[in-house]
Amino acid sequence: MRRGTGSTSGVVLAVLAAVAGLSLLLWSSSSGGPLLGPPTGTWEPEIDLPPPLPVAEQTAATAAPSESRPPPQEGWPVDWLLVGALLLVVVVVLLVVRALLARGRGDDEPLGMEEDEELAALLEASGDDVRYRALAEGDPRNAVVACWVALEEAVRRSGLPDNPAETASELTRRVLGRWQVDETSIRTLSEAYREARFSRHPVSEQQREQAVAALDRIHDDLRRRALAEQERAREQAAARAPSDGEGEGGQP
794 MRRGTGSTSG
804 VVLAVLAAVA
814 GLSLLLWSSS
824 SGGPLLGPPT
834 GTWEPEIDLP
844 PPLPVAEQTA
854 ATAAPSESRP
864 PPQEGWPVDW
874 LLVGALLLVV
884 VVVLLVVRAL
894 LARGRGDDEP
904 LGMEEDEELA
914 ALLEASGDDV
924 RYRALAEGDP
934 RNAVVACWVA
944 LEEAVRRSGL
954 PDNPAETASE
964 LTRRVLGRWQ
974 VDETSIRTLS
984 EAYREARFSR
994 HPVSEQQREQ
1004 AVAALDRIHD
1014 DLRRRALAEQ
1024 ERAREQAAAR
1034 APSDGEGEGG
1044 QP
């Protein structure tokens, strides 16, 4: 089920309210004062007080405790720890809110032209023709390599910007994961590709079949995602269309 904009906004408001409450509690703790002060009314109860002590006794009673009283301790280390904790919580909450907003936009908005082309290229690269050639043509090593290279070339044709810190295989894995392809199938095919390309021992027919089977599962996941996007596009088009009860003039 996709998240709507309303549910995302409610989550954002709830998170912001929690941050505000936490900020108030941390501020109160760091300032050393309670959130609620004593009552400020003018009414005072009538209490019978004992007669005051003589001046000499008052001086002795007040001087003795002050001499043994320890000096006040500065609380700045605790204050800085509270401030640091507050900043950490705020940063984490902002990241969560950003992720929720991005998910909400991604769920509500239809695919763009570049995303459509990327998905179509991946479907073609994992289609029946590629899998048949991998099974029927060439030696097993070249067939396993061809299964993964077809996906890399599809990602390259989609026009994604290159990242110098990311290899072609890493980019392909990231793109496939973005289309909700099963991670096990991606890992199986990518590991088979690395072994076939960089190892010296022979590649068996069983390894060829396993690589083609992984590519088949990747294709099924991509096709399932494409069908889901088509269904969502039809639902959005139907929601934007005028209802059957409206007349030709646009009046219900």
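If you want our numbering, it's the 1-based position in the sequence shown plus 793.
C-beta: ideal position from N, C-alpha, C; glycine also.
Environment of residue i [buried if 16+ CB atoms lie within 10 Å]
i: Glu911; result: buried
i: Thr965; result: buried
i: Val883; result: exposed
i: Ala1004; result: buried
i: Val996; result: buried
i: Leu944; result: buried
i: Ala1030; result: exposed
i: Ser983; result: buried
i: Arg924; result: buried
i: Leu953; result: exposed
i: Val885; result: exposed
i: Leu915; result: buried
i: Leu1015; result: buried
Close beta carbons around residue i, own chain, < 8 Å, minus the five adjacent residues each side
i: Glu998; result: Pro933
i: Gly970; result: Glu976, Ile979
i: Glu1099; result: With the chain running from 794 to 1045 in the structure shown, residue 1099 is simply not present.
i: Leu928; result: Ala936, Arg1001, Glu1002, Val1005
For residue j and residue i, the rounded distance between their alpha carbons
i: Ala985; j: Arg1001; result: 9 Å
i: Arg1027; j: Ala913; result: 18 Å
i: Ala936; j: Ala1034; result: 49 Å
i: Val938; j: Arg990; result: 6 Å
i: Ala958; j: Ala1032; result: 43 Å
Contacting residues, own chain, Cβ-Cβ under 6 Å from residue i (five flanking each side not counted)
i: Gln973; result: Arg1018
i: Ser919; result: Leu1008, Ile1011, His1012
i: Ser800; result: The predicted position of Ser800 is uncertain, since its pLDDT is 47 and thus under 50; a value taken from the coordinates is nonetheless stated next. For Ser800, where only same-chain residues beyond five positions count, there are no Cβ hits under 6 Å.
i: Arg950; result: Ala914
Legend entry - beta strand (DSSP E) runs wholly inside the region 919–966, at least 3 long, in chain order: none
Inset, instruction - Could you name each continuous beta strand (DSSP E) segment of 3 residues or more that falls completely within the region 959–1018, going from the start of the chain to the end? - result: none
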